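Below is one structure; the comments refer to it alone.
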Amino acid sequence: MVPRALATVLLLVAAAPAGGGSFANFESGHVRPLALSPGGDRLFALNTPDNRLAIYTIGASGLSLAAEVPVGLEPVAAAARTNLAGQTEVWVVNHLSDSVSVVEIDPSDVTRSRVARTLLVGDEPRDVVFAGSGHSRAFVTAARRGQDRFAADPAGGPQLTAPGVGRADVWVFDADGARDTPLAIVQLFGDTPRALAASPDGSVVYAAALDSGNRTTAITEQVVSANGGLPPPPPGSTPGAPSTGLIVRFDSATGH
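No gaps in the numbering here: position 38 of the sequence shown is 117 in the working numbering, and each next residue is one more.
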């Protein structure tokens, strides 16, 4: 006969989970984590650590969670639109997956919403906006690197060691088309492109670069000579300052 206390312990051990897998939170920064549906009756929110798009119904009493759709890893931006079939789509930018998940919202049963397309883009994409004629073009910011960059543009490729090549890309997709390859990849001077904004008529798209754009670069201490142009310390004094690098700015007059 098993004592009652021992039986209770065995029951608790048997009911305990075997243990989940390890979890790593990359803490990807949000750029556009909330989006309203075109009709204004739903709110789309990104659950970045859990890799999900949460769909809320907007009512008189507030918000109520209606459904959740798994997307790519670390989603950071979302934008909603109405497609040619009159159905609501949410484009979700997945920072860690280097992809965009196009989620179709089921009009009759929101719990049946699903990812209809997955677009592969450059490294660390961050934002998406719609512009162009009828806002039928999707613009996505990404860094100029990654395996998908070479696949989309074999002639250009990342060119990681080529001087004078901008590190910022804006990928342009036909939002109404079936093709999953970009119509164009616009290269920008700068690094780590982040937020996008479109004019009301969709004729202009603005791209903002993060930690870049001041036309400066750093020269290491191994390259800097003659004490960086400063006079040496007087003889017999304490040792001179250690070698340091320099921050230099681009001179448009000389091209250097």
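Cβ coordinates follow ideal geometry from the N, Cα and C atoms, glycine included. In this text, all values refer to a predicted model and were calculated from it rather than measured experimentally.
Residue i, DSSP secondary structure in three states
i    : result
Q226 : helix
V303 : coil
T317 : coil
A254 : coil
T295 : strand
V265 : strand
A221 : strand
S178 : strand
G141 : strand
R205 : coil
A231 : helix
F160 : Here residue 160 is Arg; the residue named in the question, Phe, does not match the sequence. It is a strand residue.
T260 : coil
V148 : strand
R216 : strand
V327 : strand
R191 : helix
E106 : coil
7 Å Cβ shell around residue i - same chain, five flanking residues per side excluded
i    : result
V200 : D177, S178, V179, V219, A221, D227, W250
L91  : At L91 the pLDDT is 42, less than 50, meaning the model places this residue with poor confidence; the figure from the coordinates comes in the next sentence. Excluding residues within five positions, none has a Cβ falling inside 7 Å.
N162 : E168, D255
A94  : Note that A94 scores 47 on pLDDT, short of 50, meaning its location in the model is unreliable; the coordinates nonetheless yield the value given after this. Cβ within range, chain order: n/a, list empty.
L85  : Its pLDDT being 44, under 50, L85 is placed unreliably by the model, and nothing is read from it.
E300 : S322, T323, G324
L144 : A133, Y135
T87  : A caution first: T87 carries a pLDDT of 45, below 50, which makes its placement in the model too unreliable to give a value.
Beta-carbon gap between residue i and residue j smaller than 9 Å
i    : j    : result
H174 : P149 : no
S116 : A159 : yes
G281 : A217 : no
T197 : G269 : no
V171 : V182 : yes
T127 : S107 : yes
Contacts around residue i, its chain only, beta-carbon distance under 8 Å, and the 5 residues preceding and following it disregarded
i    : result
L267 : G245, A247, D248, V249, A286, A288
D290 : D270, T271
Beta-bridge partners of residue i, as assigned by DSSP
i    : result
P154 : N173
L125 : L132
Sequence-distant residues of its chain with Cβ nearer than 6 Å to residue i (five each side left out)
i    : result
T295 : I326, R328
A124 : L113, A133
Open item on the list: Across the segment 101-113 and the segment 136-150, are there enough close Cβ pairs to call them in contact, namely three or more that are closer than 8 Å?
Closed with: no
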